[in-house]
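Residue numbers (UniProt numbering): 1 to 845.
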Amino acid sequence: MRNTVIVIGHGMVGHRFVEALRARDTDGRWQVVVLGEEADAAYDRVGLSGYVGSWQRDALALPGNDYADDDAVTLRLGTRVAGIDRADRLVITETGESLGYDALVLATGSSAFVPPVPGRELPGCHAYRTLDDLDAIRADADAALAREQAPVGVVIGGGLLGLEAANALSLMGLSPHVVERNPRLMPRQVDQAGGEHLARMIGELGIGITLSADTLAIEAGESGGLTVQLSGDRSLAAAVVVFAAGVRPRDELAASAGLELADRGGVLTDLTGATSDPSVYAIGEVAAVGGRCYGLVGPGYATAEVVADRLLGGDAEFPGADTSTKLKLLGVDVASFGDALGETPGALSVVVSDPINGTYKKLVLSDDAATLLGGVLVGDAGGYGLLRPLVGSALPGDPVALISPAAGAPALGVSALGDDAQICSCNDVSKGDLCSAIAAGACDVAALKRCTAAGTSCGSCVPLLSAILADAGVEQSSALCEHFAMPRAELFELVRASGIRSFSGLIDRFGTGTGCDICKPTVASILASTSSDHILDGEAAALQDSNDHFLANIQRNGTYSVVPRVPGGDITPEQLILIGEIARDFGLYTKITGGQRIDMFGATVDQLPLIWRRLVDGGMESGQAYGKSLRTVKSCVGSDWCRYGQQDSVQLAIDLEMRYRGLRSPHKIKMGVSGCARECAEARGKDVGVIATESGWNLYVCGNGGMTPKHAQLLAGDLDTETLIRYIDRFLMYYVRSADRLQRTAPWLEALDGGMDRLRAVVIDDVLGLAADFEADMARHVAGYSCEWKGVLDDPDKLSRFVSFVNAPDVPDPTIVFGEHHGRKVPVLLGDPAMPTRSEKVSPS
1 MRNTVIVIGH GMVGHRFVEA LRARDTDGRW QVVVLGEEAD AAYDRVGLSG
51 YVGSWQRDAL ALPGNDYADD DAVTLRLGTR VAGIDRADRL VITETGESLG
101 YDALVLATGS SAFVPPVPGR ELPGCHAYRT LDDLDAIRAD ADAALAREQA
151 PVGVVIGGGL LGLEAANALS LMGLSPHVVE RNPRLMPRQV DQAGGEHLAR
201 MIGELGIGIT LSADTLAIEA GESGGLTVQL SGDRSLAAAV VVFAAGVRPR
251 DELAASAGLE LADRGGVLTD LTGATSDPSV YAIGEVAAVG GRCYGLVGPG
301 YATAEVVADR LLGGDAEFPG ADTSTKLKLL GVDVASFGDA LGETPGALSV
351 VVSDPINGTY KKLVLSDDAA TLLGGVLVGD AGGYGLLRPL VGSALPGDPV
401 ALISPAAGAP ALGVSALGDD AQICSCNDVS KGDLCSAIAA GACDVAALKR
451 CTAAGTSCGS CVPLLSAILA DAGVEQSSAL CEHFAMPRAE LFELVRASGI
501 RSFSGLIDRF GTGTGCDICK PTVASILAST SSDHILDGEA AALQDSNDHF
551 LANIQRNGTY SVVPRVPGGD ITPEQLILIG EIARDFGLYT KITGGQRIDM
601 FGATVDQLPL IWRRLVDGGM ESGQAYGKSL RTVKSCVGSD WCRYGQQDSV
651 QLAIDLEMRY RGLRSPHKIK MGVSGCAREC AEARGKDVGV IATESGWNLY
701 VCGNGGMTPK HAQLLAGDLD TETLIRYIDR FLMYYVRSAD RLQRTAPWLE
751 ALDGGMDRLR AVVIDDVLGL AADFEADMAR HVAGYSCEWK GVLDDPDKLS
801 RFVSFVNAPD VPDPTIVFGE HHGRKVPVLL GDPAMPTRSE KVSPS
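Shown next, in the form of structure tokens:
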């Protein structure tokens with residue numbers, strides 16, 4: 001018989017507990033029931049502001065949060081718990097249902113603290129805690145933007161959460177103003193001087209800041225607005241007010257059940273996670289371990305791991321909490337670690353302040369200056385990864401040199417860290433754990449993540465994983481494949497420098513063997529990126545993969561898709577009619593895609609030239625859906641039609657698609673242009689995203705969908721159109737030259753040394769001195785572009801490739817069969833037992 005553990009709460013820590021218990025419960029001793037109050041399964045609440053822009057509720061979903069393949073876990077969302085009957089070990093839901101348990105885990109987390117300010121219940125006032133909160137804020141922000149230009153969003157609270165909320169309001173199109181009752185921002189993480197640096201840098205970004213101010217009342221203003229009354233006879237007009245003044249543990253359920261609470265709130269637990277009832281445990285932000293609540297995910301994960309171990313008979317105890325923090329707030333790097341405020345008796349501080357370059361760095365040392373106790377970094381947090389693990393250890397050198405090394409001095413390296421140094425605080429992984437994994441065969445970052453879970457939560461320690469691999473003598477191969485010993489970026493430069501325009505010439509000079517399915521398409525892409533030659537000219541045709549070989553995407557039954565270009569979704573009635581006639585005449589399945597194009601599916605190889613002849617004659621061209629190149633530039637309706645539109649997003653989308661069409665790259669590229677901050681074109685989910693502002697365009701880059709979706713990051717703001725296009729030219733050519741094979745822009749940026757700061761330095765500041773080359777390369781591409789399908793239609797040799805059978809060019813492929821399912825044309829794979837039977841109207845193509 002299995003025992004039952006009920007978990008109340010399905011946030012990040014509740015999910016971690018379920019994962020930890022299921023991973024260790026090899027004997028199947030526990031059946032898990034998870035009761036989640038929200039409608040959404042566990043999501044990354046730390047990255048809550050990442051929801052803004054995409055507005056896709058699953059964008060922050062934690063991996064495996066539905067337990068779909070685990071029969072031992074039952075997840076019930078939208079289930080509020082009304083009470084706990086400890087005597088009979090029952091959980092009573094709001095609907096009156098009773099659920100029995102053998103062990104109960106409280107993972108109820110925290111709620112946003114809304115101070116008792118008169119008027120806090122008025123429309124337009126919100127907490128900042130959940131996806132639902134952000135949806136409500138967005139609705140009021142949209143309404144405010146419809147009424148006025150540059151409405152103000154006031155944030156009550158200038159800590160971590162408050163600055164996150166200010167960033168979210170900025171992304172929604174509001175002008176944020178932060179009100180903090182303390183004399184500095186982030187009072188729990190940075191000292192007075194660091195707070196002054198932070199306030200100055202954030203103020204330079206156009207964010208309003210009022211410090212040392214209490215919020216006295218919120219009053220309804222005119223035209224649906226609000227007035228925030230502050231101490232000192234000050235007031236702020238606001239369209240939206242967001243409370244981000246901290247959190248409070250959600251301990252009301254435990255209190256009503258008679259469990260002992262800590263003096264300052266939270267469910268009191270010992271180091272094992274047990275409460276005053278030995279069958280009830282508390283984890284995460286609701287748990288007051290030894291009387292103290294921790295509002296960070298790292299300590300929460302530690303409590304989850306301890307309780308999972310205890311339920312299986314282990315002896316784990318809470319190891320203590322790492323309250324270090326590293327984040328980028330509104331584009332400003334901030335980090336604090338250890339005793340950042342120097343509260344240890346006798347502590348000494350070493351400070352390097354550079355207001356000209358906008359950096360502030362402080363190390364807190366023991367009274368004998370031998371041991372690192374903590375530190376604060378503002379403006380440049382590059383040293384955080386190596387300094388944080390040194391907390392509590394002897395300093396490896398001059399403390400001033402650690403935060404301000406002299407020119408030419410060697411930088412602090414991972415060799416200075418002992419085996420007990422904690423590299424990943426989220427998952428409690430030490431350097432010794434990583435070295436053991438390397439000794440056991442983990443030879444790259446991905447393997448270390450799998451073996452140890454390091455770098456799988458916030459990701460800030462990932463650069464250290466590479467450094468530890470290198471320090472252990474593990475050589476990271478950068479070879480493209482067994483035939484070319486260099487990475488793609490180096491091969492790209494060799495092609496440019498050597499002038500060799502054939503695969504055979506390249507492999508003779510720079511490679512070995514005859515090539516493979518990895519290097520041949522890669523070389524084909526490089527050759528296409530560096531010239532305007534047709535991809536099916538001469539030897540190049542034999543290098544292409546199946547899609548590029550026939551200039552169409554192959555489908556599961558051996559047919560191909562036909563995708564004409566529709567720039568920005570802009571299409572004439574005549575072109576719509578032409579597509580419809582072609583689809584009817586050739587019996588093709590048609591679909592309008594998310595990229596604002598019409599795709600036609602089901603064409604056989606021999607039909608492709610016939611279809612494209614009609615499309616080209618009708619003024620249309622290849623939509624490049626088959627290539628590792630620009631796919632689409634999605635747009636909203638912009639200022640021509642939308643009452644909120646601030647710029648002509650449709651025309652810009654058309655201009656961008658026509659400029660970058662056919663640009664071959666390491667992977668596909670998608671773009672979007674939104675006419676205002678409402679983001680109807682979902683530009684922040686694209687490799688290149690453009691969002692209109694009152695004075696120009698904001699440029700976002702390196703957003704990707706797929707298995708690991710990433711939001712695009714702001715590269716530059718309020719650009720005029722000429723500068724915008726110049727920066728996009730540089731960004732794309734830098735990516736095309738330097739990315740690895742099949743590496744999309746998001747992982748390329750993650751792997752780029754220096755990340756977004758480095759990208760800005762290259763694209764905007766031209767630190768490499770290559771901006772003119774990038775722009776010249778793009779100009780060559782634009783001038784040399786021609787439709788690839790038109791090039792095929794005009795060349796009899798190329799046309800001869802498009803037959804089903806070389807020795808019987810007029811015979812159709814008999815294995816290609818279609819059926820009808822729910823009124824839609826579908827492919828049928830003959831002899832494939834995995835395919836469902838299609839009984840209606842099955843006929844050969």
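Quick reminder that beta carbons are idealized off the backbone N, C-alpha and C, glycines included.
Give every residue of the same chain whose Cβ lies closer than 7 Å to the Cβ of A453, excluding the five residues on either side of it in the sequence, and list them in chain order.
N427, V429
Mind checking if D135 is an interface residue toward chain C, Cβ cutoff 8 Å exclusive?
The structure shown contains no chain C, having only a single protein chain.
Could you check the C-alpha separation between R76 and I6 for me, to the nearest Å?
11 Å
Quick check: what's the CA-CA separation for residue 850 versus D753?
Limits of the chain in this structure are 1 at one end and 845 at the other, which puts residue 850 out of reach.
Can you give the beta carbon distance from A244 to I156, rounded, assuming they're within the 8 Å contact cut?
7 Å
Taking 8 Å as the cut-off, decide whether the C-beta atoms of V34 and T4 are in contact.
No; because the gap between Cβ atoms is not below 8 Å, this pair is not in contact.
Measure the alpha-carbon distance for A217 versus H126 and round it to whole angstroms.
14 Å
Could you say which of A87, Q596, E97 lies nearest to T79 if we only look at CA atoms?
Taking only the C-alpha atoms, the option nearest T79 is E97.
Does the distance from the CB of S324 to the CB of S425 come in under 8 Å?
Going by C-beta atoms, S324 is nearer than 8 Å to S425.
Could you check which residue in S674, L759, E539, D40 has the C-alpha nearest to that of A716?
Closest option to A716, Cα to Cα, is L759.
Determine whether the beta carbon atoms of L169 and G153 lie at a separation below 8 Å.
yes
Exposed or buried, residue 846, counting other C-beta atoms within 10 Å across all chains shown (16 or more means buried)?
Shown here, the chain extends from 1 to 845; a query on residue 846 therefore has no answer.
Please name the residue or residues paired with H549 in a DSSP beta bridge.
DSSP output for H549 lists no bridge partner at all.
Three or more C-beta pairs below 8 Å linking the segment 612–631 and the segment 581–598
Contact holds: three or more Cβ-Cβ distances are below 8 Å.
Buried or exposed: which applies to P796, given that a residue is buried once 16 or more other Cβ atoms fall within 10 Å of its Cβ?
Answer is exposed; the Cβ neighbour count stays below 16.
Could you check whether F318 and V289 sit closer than 8 Å to each other, using their CB atoms as the reference points?
At a Cβ-Cβ threshold of 8 Å, V289 and F318 count as neighbours.
Taking its Cβ as the centre, do 16 or more other Cβ atoms sit within 10 Å of D339, making it buried, or is it exposed?
Buried is the label assigned to D339, since at least 16 other Cβ atoms lie within 10 Å of its Cβ.
Start and end residues, alpha helix (DSSP H) containing R730
721–738
If I283 and V13 are in contact, beta carbons under 8 Å, what's the gap, nearest whole angstrom?
5 Å
Quick one: complete alpha helix (DSSP H) runs, 4+ long, within the segment 331–409?
384–387, 399–403
How close, in whole Å, do the beta carbons of P389 and A369 come, if the pair is a contact with beta carbons under 8 Å?
P389 to A369, Cβ: 19 Å. No contact.
According to DSSP, simplified to helix, strand and coil, what is T693?
strand
Beta-carbon contacts of D367 that lie in its chain and below 6 Å, excluding the five residues immediately before and after
Scanning its chain for C-beta atoms nearer than 6 Å, with the 5 sequence neighbours on each side dropped, one finds around D367 the residues G346, in chain order.
Kindly indicate which residue of L372, S415, G392, G385 has the alpha-carbon position closest to the one of V400.
Residue nearest to V400 within the set L372, S415, G392, G385 is L372 (criterion: CA-CA distance).
For Q149, count neighbouring C-beta atoms within 10 Å of its own C-beta (all shown protein chains included) and say buried if the count is 16 or more, exposed if not.
exposed
Buried or exposed: R509, going by 16 or more other Cβ atoms within 10 Å of its Cβ?
exposed
Grouping DSSP H, G and I as helix and E and B as strand, with all else coil, what is W641?
helix
In the structure shown, what three-state DSSP assignment does P844 receive?
Any reading at P844 is ruled out, since the residue's pLDDT is 34, under 50, leaving its predicted position unreliable.
By the DSSP assignment, the alpha helix (DSSP H) with M620 in it spans what residues?
Unbroken run through M620: none, as it is neither H nor E.
Please tell me whether L551 and V792 are closer than 8 Å, where the distance is taken between their beta carbons.
yes
What separation, rounded to the nearest whole angstrom, lies between the Cα atoms of V351 and G455?
30 Å
Roughly how many angstroms separate the alpha carbons of A199 and A165, rounded to a whole number?
15 Å
Under 8 Å between the Cβ atoms of A103 and Y281?
yes
Can you give me the C-alpha to C-alpha distance between L469 and R737, rounded to a whole angstrom?
26 Å
DSSP bridge partner residues for L699 (one or two, in chain order)
V690, A716
In angstroms with no decimal places, state the Cα-to-Cα distance between V566 and V637.
14 Å
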